[in-house]
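Trainee:
4 protein chains.
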Amino acid sequence: MIIDQTIIDSHNSDSEKSHQDQLAYISDELGKKGIDLEGILDQISKFQITIPSWALGSGGTRFGKFPIGGEPGNLNEKLDDIGLLHKITGACDSISLHLPWDIPEDTSAAKEKATELGISFDSVNSNTFQDKDGQEHSYKFGSLSHTDSKVRDQAIRHNVEVIELGASLDADAITIWLADGSTFPGQQNFAGAFERTLKSLEQIYKTLPDNWKMFLEHKPFEPNFYSTVVNDWGSSLLLANKLGEKALCLVDLGHHLPNMNIEQVVSRLIMEGKLAGFHFNDSKYADDDLTVGSIKPYQLFLIFIELVEGIKDNSWSWMIDASHNVKDPLEDLIQSLEAIRNAFAQALLIDRNKLSGAQNSNDPVVAQEILQDAFKTDVRPLLREARLRSNAAIDPIAVYRELDIRNNLVKERGTQTIATGL
Amino acid sequence: MIIDQTIIDSHNSDSEKSHQDQLAYISDELGKKGIDLEGILDQISKFQITIPSWALGSGGTRFGKFPIGGEPGNLNEKLDDIGLLHKITGACDSISLHLPWDIPEDTSAAKEKATELGISFDSVNSNTFQDKDGQEHSYKFGSLSHTDSKVRDQAIRHNVEVIELGASLDADAITIWLADGSTFPGQQNFAGAFERTLKSLEQIYKTLPDNWKMFLEHKPFEPNFYSTVVNDWGSSLLLANKLGEKALCLVDLGHHLPNMNIEQVVSRLIMEGKLAGFHFNDSKYADDDLTVGSIKPYQLFLIFIELVEGIKDNSWSWMIDASHNVKDPLEDLIQSLEAIRNAFAQALLIDRNKLSGAQNSNDPVVAQEILQDAFKTDVRPLLREARLRSNAAIDPIAVYRELDIRNNLVKERGTQTIATGL
Amino acid sequence: MIIDQTIIDSHNSDSEKSHQDQLAYISDELGKKGIDLEGILDQISKFQITIPSWALGSGGTRFGKFPIGGEPGNLNEKLDDIGLLHKITGACDSISLHLPWDIPEDTSAAKEKATELGISFDSVNSNTFQDKDGQEHSYKFGSLSHTDSKVRDQAIRHNVEVIELGASLDADAITIWLADGSTFPGQQNFAGAFERTLKSLEQIYKTLPDNWKMFLEHKPFEPNFYSTVVNDWGSSLLLANKLGEKALCLVDLGHHLPNMNIEQVVSRLIMEGKLAGFHFNDSKYADDDLTVGSIKPYQLFLIFIELVEGIKDNSWSWMIDASHNVKDPLEDLIQSLEAIRNAFAQALLIDRNKLSGAQNSNDPVVAQEILQDAFKTDVRPLLREARLRSNAAIDPIAVYRELDIRNNLVKERGTQTIATGL
Amino acid sequence: MIIDQTIIDSHNSDSEKSHQDQLAYISDELGKKGIDLEGILDQISKFQITIPSWALGSGGTRFGKFPIGGEPGNLNEKLDDIGLLHKITGACDSISLHLPWDIPEDTSAAKEKATELGISFDSVNSNTFQDKDGQEHSYKFGSLSHTDSKVRDQAIRHNVEVIELGASLDADAITIWLADGSTFPGQQNFAGAFERTLKSLEQIYKTLPDNWKMFLEHKPFEPNFYSTVVNDWGSSLLLANKLGEKALCLVDLGHHLPNMNIEQVVSRLIMEGKLAGFHFNDSKYADDDLTVGSIKPYQLFLIFIELVEGIKDNSWSWMIDASHNVKDPLEDLIQSLEAIRNAFAQALLIDRNKLSGAQNSNDPVVAQEILQDAFKTDVRPLLREARLRSNAAIDPIAVYRELDIRNNLVKERGTQTIATGL
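Each protein sequence line maps, in turn, to chains A, B, C and D.
If you use my numbering, the first sequence corresponds to residues 237 to 658, in order.
If you use my numbering, the second sequence corresponds to residues 237 to 658, in order.
If you use my numbering, the third sequence corresponds to residues 237 to 658, in order.
If you use my numbering, the fourth sequence corresponds to residues 237 to 658, in order.
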């Protein structure tokens, strides 16, 4: 489904007056604080977030799934959906593929189509947490950490193939989320599993093209329920350090134990030069994979304070990794994109000198005032303006609903297609 | 697969000498403390645990499932598996069905078969957390709590049918685990959802046969990730009290927030006369559904201390509710059965007068000594003796492996059958 | 220390122009949505929060305390501090006393002084979690739940005396936070402790004056580390229901297990007509007693959505219960007062009909948009206007610092006074 | 208070017959499994645990403390108490001092007295989490991480003095638990605080005598409630690696977020050659500092499985760090000593080859059987025999009570002495 620019323009013109008033107000308010509106707008516009190919359909739990209909059944349709999202949000110019779910039938055609839609291929993801039909060795008891070298070799080969495919699509990073671990005490030797994983990763690492990175993603539990090999940032950093400078640590916001100070984890990884980027989502209990900013928006803002501080020359990978169990996946993604840019914009408002001053003089009252002043500022006019300037929609959800996109997708694709993914 | 008694007898005779020595030792040790071995053995033997029909196949997570092969493909085969388990453990004389997964083709035949295997039908379970093929209304946004009365009515009818079917099998309780809730703040009005649920439950309650009970099961999250309608024991008790004396509260050990003192919840429900019974399992992080006693055996023991104190005339429902992601389901159940009886036996060893004495004189040191003395006592000879007297196996896992049961089941049923369930 | 109105007025006039611009903007924006500014302002102004007498000095942990100096050494000075806070914030017109820390030497004089400062006496608090010098029986092993009736009687008498003193000050509620519980498994019989507590509370309840309420406060742990008698809202509600209609349940935001959905607890208590009110604070890990809104401002907002929905004729008790380990206690309280009113104002912005519409049509996307639209709205101009109209300061922290209040208090009272409290 | 050997001998002779029967039984049972009783007994006897000087009095919380009486008021009395403990348990031949609480008046005399009691001086602890009277700079906002170099220098000097004092007592390690961190978002720059801490530690590290070690102890919160500088094993390992080979990571069992897999942390630190040792205790909620093994004995056992695997040539530091809020401190320590040795003994029973076999063949059922067989074995006769051979008491709690030691200490020292400590 292609959305014509005139439709978006028409939508925008309806709310433009109101928008300009709001923008003028915040411009004025920020001006009083010496904040340059244009600089902020520029940074927001350039802030592009990758959409994972597996997050375009309905998600579910082990208890079941409730498909919404109109889900993309192949890579082409996935590109279409992201193209559509990018058209109305101006915020997501790349896709992250999950192999083998997304192997293109024709690589050149896929690249061409993506280019037309203004989309590039970001990091590629391997999958050794499921068995595919006809697979020789099972990953039931692990992949890169498996006690049997034949299983490890199979998993290594798969990762190498993913890199090769990614390279053919001009991607430049592989994200490895390893479900490996154990479900019961005694099942696995912790040190042995770590060592085998390291050896396997070294094999994969060696095949990385020069300009490539390897992103390691940690997670404390699920699908294993007692231990995982890459359980926390400490283990992830150990592996990344042992592997070399191309290996970096990816942070998924839902992959932490209760009460974790995630913003400090981010700071540590930046400090060590080992932050790869993010899988953004939100959670109340565990790896809930909820819409970004829907549960703990202040935590998200605190994370962005670290990112803005450390960003300098860094080019980190920004991606959403959410599951859409009850929302329309595309609407959910629009809300996540908005939440991420909202937190980013608010973090940009902070006067770093003032904050440092409060920190150096141990004045937590003023430090909190500075943070909350930014957080309480209604930056939505900035996000709308950034979209307007990118020819995207002032209110993407409204456009999405006005155009009745989901029903059109259902008509196109049927109610029964189920997107590959979780 | 039927196991001949002579095989078990032969297995038992091999280890009988060693067993009798161990039994004599513990009999002697307990005797010194004035504990009557025969009384304990009798209670252990009578302690029978229900096996859920859905826990006989491999479980999984949203990330996938690794079937083990030889899983029971229909109710008959499920009865066979439980018959086999009961034969070698003497500890599980009933099955709990999940509808619609387990609708028998022929009720009389099912009852007859069960009787032959020494198995009765315990509580039946309704399922409104999944949509079945051809179902008129979806449960995506709830069932008994749904905002649309048509969906609620459909869910009520389903529950009533489950009761009817259960009654035809001489079951006498329905367990309602309600996945209803919300995944995002604002999605659901808490009070409205609670009220609608209560009204729906009242409709179902009215249809309960005289001798029936209704068990309500609480759970804080999953598959909903922001709120659930029956989230904790407080909400469960509120509903049970409003419904009437046939409504009771079921405790699943994995359905609690981190650090919860579950044994105190059990005490509260007993105190209020509202404990229904248990779904036993174990967990490290969330609703992990691990083998009973595999993670926190001391907590299990503490729960049994409450149960032994409150048990008197009560007849509670004891059931396992575990998921077998990496273990052979039948071996996993054998380990769970053993863990439950182990905790029960240890709790029986406690001298209640002594414990009350320590409690009344505020002597936590002695109270701990009393508890740990029981917990550190190796009661396995008692469990073995109880099995021996029930013509079951001294070492059920050993028999299971000697007879190569899994491979025989695979030969019988193939590698591809997947048991209905989660 | 008394702040002259002219000082506040002068401060306000400096920022009035800027304030009026901001107010005009939000007034306009709200007007577009059909929201009546004056109605909101009126509700904000009337929203008064009680200050606990024990939160005016530096707090600490078992590892130590770092007093800030100038802390109020007696009830008079505590009244002065709250008077000062009320003067500059217009948001806290009452004090909650903790006995025996705050027994006035002269009740009439205390009342007179309070009246002069525009302060009334809100709920009074008993203390049976510490031993006072010369106390006959120790509370080491509990008070109202103690196994020894002499200890229980002493604790009952103390509570009765607290009520009597409170009545003499025209307070109309007693808050009972019971530290009773156990630190080790086996130490306490759960049911016995609950029953004894109930019996003790009944004795106290009987002495309540007609217009009085009894507030029960639950907490899962600390200072007891295994169980507490009033551990969660379920236990609190059980007690309140057994006691009678004067008994209600108080919610302290830090008294919950990790990940608890506190807003749902609030809804349950409102639904049952048993919500007493709040001890506001914030926490990241446990009962951290941090500044309200400093960690999870969105959760606070969600709680206020429940409150605004249920508020009708209810008159709930709003109180701060924070500990000031690193901030100036008065500045900390100013920030808490602001955070509470901020969340209240945002919750008032929600269009209840729209929200119900989204809920009834199971539209979590729109429900979230409605909530976040309110939450992202910068309502600070409303809070400032409410203060301005109450002759309080537009920016209380700024006034506090301009007037160098802490240093003046230190000069008045010295560096060594330590306020009674925790 | 000195206990005469004849008293212990007499106590032992009363239960010797019963003990020998039990020992014979377990000896026989272990023999069947090919386990050498004498080897195990030898390892148990040599397993000596350090007692911290600050754990000999009653502990408390910020809500108060209930002293038991007879607490040791100075270093001499602390040595006496540990001497007494060692006499009846044979399990604790060293003390860990906390400076400045335990500065000896006369170093030689202290060493002499310790030698007489069979006690040596283990690691010494610095204290920069409290302000001492007359201290020039406050640690309210940190010590080694403070933004002000004068505060850091003061804290560095204190640590150096602690090392000097420790060296004079033949100790060979300093344990640094750093309370530094922040209580509110924004208060502290994470990276800045880490860097300053590292720089400060480097200054201290440089002064370490050749044979000394520096132990770093991590903790996620309390007394700071938002972030800590050394928050988890990852941060601790980062610091230790940057400092050098003398720097190691100490694990306190209560210093982890909910649900943490601590045994895996232990494995990681052993794998990296950076485990210093332990502060043993137990907890249900947070840093509860409960008696070792009183809440999660199976977790303790799993930790010991890692330790026994990794122990080889390592000499780790074993220490208890508990707080005694409701138990007699000395009885509490006796129970902790027993729990530690119990877990150690059970871990020694595991057949490592069998376990590796189960792990290599991915057999979690058998792995669990192996672990639980050891855990269910009643090893208390081994612990009693180890004590008997050390001329200690078969049943230390019984001896302690028979001799009415607490009351004698109260008579000697009064009810009002309060031990320095927490």
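Virtual Cβ for every residue (Gly too), placed ideally from N, Cα, C.
All of these numbers come straight from a predicted model, not from anything done at the bench.
Exposed or buried, what is B:D568 when buried is set at 16 or more other beta-carbons lying within 10 Å of its beta-carbon?
Mentor: buried
Trainee: Which of helix, strand or coil does DSSP assign to D:L452?
Mentor: When DSSP states are grouped into helix, strand and coil, D:L452 belongs to the strand group.
Trainee: Go ahead and pull the three-state DSSP assignment for A:P288.
Mentor: In the structure shown, A:P288 sits in a strand (DSSP, three-state: E or B).
Trainee: Cβ of D:V396 within 8 Å of Cβ of D:T433?
Mentor: Here D:V396 is not near D:T433, since their CB atoms are 8 Å or more apart.
Trainee: Looking at chain C, which residues of the region 389-414 of chain D have a Cβ within less than 7 Å of any of its Cβ atoms?
Mentor: none
Trainee: Taking 8 Å as the cut-off, decide whether the C-beta atoms of B:F420 and C:A603 are in contact.
Mentor: yes
Trainee: Applying the 10 Å Cβ sphere with the 16-neighbour rule, what's the burial state of C:Q535?
Mentor: buried
Trainee: Using the Cβ count rule (16 or more neighbours within 10 Å means buried), how would you classify B:N497?
Mentor: Label assigned to B:N497: buried.
Trainee: Leaving aside the five residues before and after C:S281 along the sequence, list all residues of the same chain whose C-beta is less than 8 Å from its C-beta, in chain order.
Mentor: G326, A622, R625, S626
Trainee: Output, in sequence order along the chain, the residues in the region 545-572 of chain C whose CB is closer than 8 Å to any CB in chain A.
Mentor: Listed by position along the chain: V562, K563, D564, E567, D568, Q571.
Trainee: When the Cα atoms are used, what is the spatial distance from C:N578 to C:R616?
Mentor: 7 Å
Trainee: Where does the unbroken alpha helix (DSSP H) through C:V487 begin, and where does it stop?
Mentor: First-last for C:V487: 483-488, but that is the beta strand (DSSP E), not the alpha helix (DSSP H).
Trainee: Strictly below 8 Å CB to CB, what residues from chain A border C:Q604?
Mentor: T527, S530, Q571
Trainee: Identify the contact partners of A:R298 in chain E, using a Cβ-Cβ distance below 7 Å as the criterion.
Mentor: Absence of chain E from the displayed structure is noted, the protein chains being A, B, C and D.
Trainee: Which class does C:M507 belong to by DSSP, given the choice of helix, strand or coil?
Mentor: helix
Trainee: Once the 5 residues before and after C:F283 are set aside, which same chain residues still bring their CB inside 8 Å of it?
Mentor: For C:F283, the CB contacts under 8 Å within the same chain, skipping 5 residues up- and downstream, are A327, W554, I576, R577, F580 in chain order.
Trainee: Applying the criterion that 16 or more other CB atoms from any shown protein chain within 10 Å of the CB defines a buried residue, is C:T286 buried or exposed?
Mentor: buried
Trainee: Where in the region 345-426 of chain D do unbroken runs of the beta strand (DSSP E), each at least 3 residues long, occur, reported from the N-terminal end onward?
Mentor: Here the runs fully enclosed are 409-413.
Trainee: Check whether the region 475-490 of chain A and the region 443-455 of chain A touch, using three or more Cβ-Cβ pairs below 8 Å as the test.
Mentor: yes
Trainee: Compare the beta carbon distance of D:A291 and D:V360 with 8 Å and say whether it is the shorter of the two.
Mentor: Taking 8 Å as the Cβ cut-off, D:A291 and D:V360 do not qualify as a contacting pair.
Trainee: What is the C-beta distance between D:N363 and D:A629, in whole angstroms, given that I count them as a contact (C-beta under 8 Å)?
Mentor: Rounded, the Cβ-Cβ distance is 34 Å, inconsistent with contact.
Trainee: Taking 8 Å as the threshold (C-beta atoms), are A:A391 and A:L405 in contact?
Mentor: no
Trainee: So which residues of chain A does D:L511 contact, with C-beta pairs closer than 8 Å?
Mentor: Against D:L511, chain A offers no close residue; the least beta-carbon distance is about 12 Å (beta-carbon pairs closer than 8 Å).
Trainee: At which residues does the alpha helix (DSSP H) containing B:S263 begin and terminate?
Mentor: 241-268
Trainee: Give a yes or no on contact between the region 583-601 of chain B and the region 560-567 of chain D, applying the rule of three or more CB pairs nearer than 8 Å.
Mentor: yes
Trainee: Taking C-beta pairs closer than 9 Å, name the residues in chain C that D:A522 reaches, listed in chain order.
Mentor: F457, E458, F461, Y521, A522
Trainee: When DSSP labels each residue in this structure, what does D:T464 get in the three-state scheme?
Mentor: For D:T464, the three-state secondary structure derived from DSSP is strand.
Trainee: Quick check for students: name the residue ranges of the alpha helix (DSSP H) that lie wholly in the region 610-649 of chain D, counting only runs of 4 or more.
Mentor: 616-625, 632-638, 641-649
Trainee: The beta strand (DSSP E) spanning D:W554 covers which residue range?
Mentor: Here the beta strand (DSSP E) through D:W554 covers 553-556.
Trainee: Got a sec: is the Cβ-Cβ distance from B:Q595 to anything in chain A below 8 Å?
Mentor: no
Trainee: Inspect the CB distances between the region 630-638 of chain D and the region 636-649 of chain C and report whether three or more fall short of 8 Å.
Mentor: These segments do not touch.
Trainee: Check each candidate in D:I410, D:P308, D:P494 and name the one with the smallest Cα separation from B:A522.
Mentor: D:P494
Trainee: Can you name the start and end residues of the beta strand (DSSP E) that B:I331 belongs to?
Mentor: 330-332
Trainee: Using the Cβ count rule (16 or more neighbours within 10 Å means buried), how would you classify D:G295?
Mentor: buried
Trainee: Taking D:F540 as part of the alpha helix (DSSP H), name the residues at either end of that continuous run.
Mentor: 533-546
Trainee: Cα separation between D:G490 and D:F537?
Mentor: 15 Å
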